[in-house]
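One structure is given below, encoded as structure tokens.
In our numbering, the protein residues as written are 1 to 322.
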């Protein structure tokens with residue numbers, strides 16, 4: 001396969017970003033753009049052909065792969081149709097709104113020999129990959145706790161609550177860093193802007209190996225925050241995930257093994273930042289596109305393959321209805 005023919009489904013905010021990156025590659029040809037809003041599709045497509053829907057795109061423009069960048073409620077049906085027609089799929093997160101739907105899509109991808117790639121962009125950030133190496137290499141010792149915060153007055157959705165819209169970023173990182181299964185999920189959510197649509201969510205997760213995790217999400221915050229913290233017996237790390245400010249810090253941490261002069265205090269023997277890694281100029285979404293193209297070419301499963309991403313949908317479903 002010299003070049004990969006990709007059809008884009010969805011001409012919204014993220015679809016435009018994805019189209020730019022696909023068109024920048026010499027090994028990809030974007031064959032058409034589909035959207036139910038034909039005016040939006042025409043504006044985004046430029047000189048590319050426009051189709052009214054996925055069925056027309058596949059029938060007339062014969063893509064090898066389709067990128068589905070549409071509202072979450074449409075992901076399952078569109079991906080199912082594409083996979084049943086033998087097309088590799090890029091699907092915007094979340095993969096589906098029900099765990100059984102995610103599992104069905106994974107089975108269809110395997111049955112038809114297709115890649116099912118979920119756009120969990122942060123997994124392709126080199127800093128997130130470095131953090132994973134530190135964790136899996138034992139640099140932090142035994143992992144105790146993870147904390148994720150994603151706050152700010154960004155794009156407030158009408159069609160999705162903050163848990164389903166924002167938590168996939170952090171849950172995908174959690175699953176990438178920690179292999180232990182999640183045993184329990186509890187989410188407290190609050191709807192201030194729209195009745196029945198949570199704009200604040202606080203999740204507590206309990207994993208095997210006595211690992212705990214905390215996820216704090218809000219569209220009601222004065223400052224943008226996107227951080228992940230991991231606490232272990234020998235060290236801690238902090239990932240700053242805001243684009244343009246990305247960095248990864250490692251802290252040595254150790255409590256004293258002997259009794260202190262004050263019997264009710266456990267002294268900290270060592271605590272200092274010993275390494276700070278700055279994010280480079282790489283655009284994580286461009287690296288995700290690179291991984292998708294490589295997966296289509298080689299058949300090797302990428303970190304955000306559907307078989308892995310279905311775990312994220314399972315946690316989402318346990319936490320809060322869509």
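Positions of the beta carbon are idealized from the N, C-alpha and C atoms, including for glycine. On a predicted model such as this, the values are computed, not experimentally measured, just so you know.
Excluding sequence positions up to five before and after residue 41, its CB lies within less than 6 Å of the CB of 11, 33, 35, 50, all in the same chain and listed in chain order.
Bridge pairing for residue 271: 253 [DSSP].
Looking at the DSSP output, residue 292 sits in no beta bridge, so it has no partner there. Under the Cβ criterion (8 Å, minimum of three pairs), the segment 181-191 does not count as touching the segment 133-142.
Of the candidates 213, 321, 5, 5 places its Cα closest to the Cα of residue 67. C-alpha of residue 18 to C-alpha of residue 280: approximately 20 Å in a straight line. Residue state for residue 132 is assigned as helix, using DSSP reduced to three classes. Each residue's CA atom was taken as its position, placing residue 130 and residue 59 some 42 Å apart.
In the three-state reduction of the DSSP assignment, residue 67 falls in the strand class, which pools E and B. Pairing residue 30 with residue 167, the inter-Cα distance amounts to about 30 Å. Rounded to whole angstroms, the separation of the alpha carbons of residue 257 and residue 266 is 9 Å.
Two segments are said to touch when three or more pairs of C-beta atoms, one from each, lie closer than 8 Å; by this definition the segment 120-136 does not touch the segment 151-159. Within the same chain, Cβ atoms closer than 6 Å to the Cβ of residue 88 are found at 65, 114, 115, 296, the five residues on either side in sequence being excluded. In this structure residue 162 is in contact with residue 219, their Cβ atoms being roughly 6 Å apart against a cut-off of 8 Å. Remark: C-beta atoms of residue 205 and residue 197 do not approach each other more closely than 9 Å. Nearest to residue 144 by alpha-carbon distance, out of 95, 117, 213, is 213. DSSP places residue 150 in the uninterrupted beta strand (DSSP E) bounded by 143-151.
For the set 289, 117, 47, the Cα lying nearest the Cα of residue 80 is the one of 117. The three-state secondary structure of residue 4, taken from DSSP, is strand. Shortest Cα-Cα distance from residue 284 to any of 7, 43, 119 involves 119.
Look at residue 161 here: in three-state DSSP terms it is coil, with no helix or strand label.
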